[in-house]
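J.:
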Amino acid sequence: MMLGMDAQGFPLWQGALLDLPPKERAVLALLIRRAPGVVSKQAFADEAWQGRPMSDESLARCISRVRRALLAWDLKVESVYGLGYQLLEPSPADTQSGGPGKSALDTLTHARQLLQQRTPAAVGRAIEL
């Protein structure tokens, strides 16, 4: 997996630091440690929220922010109905420009979403597309 953790627990993608707020960093760290397995909502509550009350809405918001942060690298956090969430890396075929079966419109839409993030990594990925 090209996604990992540094000694302080910060997520890295291909050696580059992913700058995330503490809660999102804890959620992503848990997803990385358990990848490609599914992380249950209870595991997020126990580890990322450290036993403090966690609502489904707060977890969903946090997962949404993690998903946005990972868009630039085509990494995905999938929900697994009734179980939790799972971190998925793109397959080698999907990392090629546009990926298999993607229309030009899909590629342009994805590039536009990346540009809206306004991060150097996201802009770089949009230019590649």
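My numbering puts the first residue of the sequence shown at 185, with every later residue one more than the last. For each residue, glycine too, the CB sits at the ideal point set by N, CA and C.
1. Flag this pair as touching only if the region 245-252 and the region 206-226 have three or more C-beta atom pairs under 8 Å; answer yes or no.
2. Could you pull the DSSP bridge partners for serine 224 from this structure?
3. I'd like to confirm the pairing. Which residues does DSSP put opposite glutamate 262 in its beta bridges?
4. Counting along the chain, where does the alpha helix (DSSP H) carrying glycine 308 start and finish?
5. Roughly how many angstroms lie between the CA atoms of glutamate 241 and serine 224, to the nearest whole one?
6. Measuring alpha carbon to alpha carbon, tell me which residue in Gly268, Trp257 and Ala227 is nearest leucine 187.
7. Answer with buried or exposed for proline 195, where buried requires no fewer than 16 other C-beta atoms within 10 angstroms of its C-beta.
T.: Quick answer:
1. yes
2. Walking along the sequence shown from the start, residue 224 turns up at place 40. Beta-bridge pairing links serine 224 to Gly268.
3. Taking the sequence shown and counting its residues from 1, one reaches residue 262 at position 78. In the DSSP output, where bridge partners are listed per residue, glutamate 262 has Gln270.
4. Against the sequence shown, residue 308 aligns to sequence position 124. 304-312 is the span of the alpha helix (DSSP H), which, as asked, contains glycine 308.
5. Counted from its first residue, the sequence shown places residue 241 at position 57. Counted from its first residue, the sequence shown places residue 224 at position 40. Between glutamate 241 and serine 224, the C-alpha separation is close to 15 Å.
6. Position 3 of the sequence shown, counted from the first residue, corresponds to residue 187. Out of Gly268, Trp257 and Ala227, Trp257 has the C-alpha closest to the C-alpha of leucine 187.
7. As a first step, residue 195 must be located in the sequence shown, where it is residue number 11. Classification of proline 195: buried, given that the 10 Å Cβ count is 16 or more.
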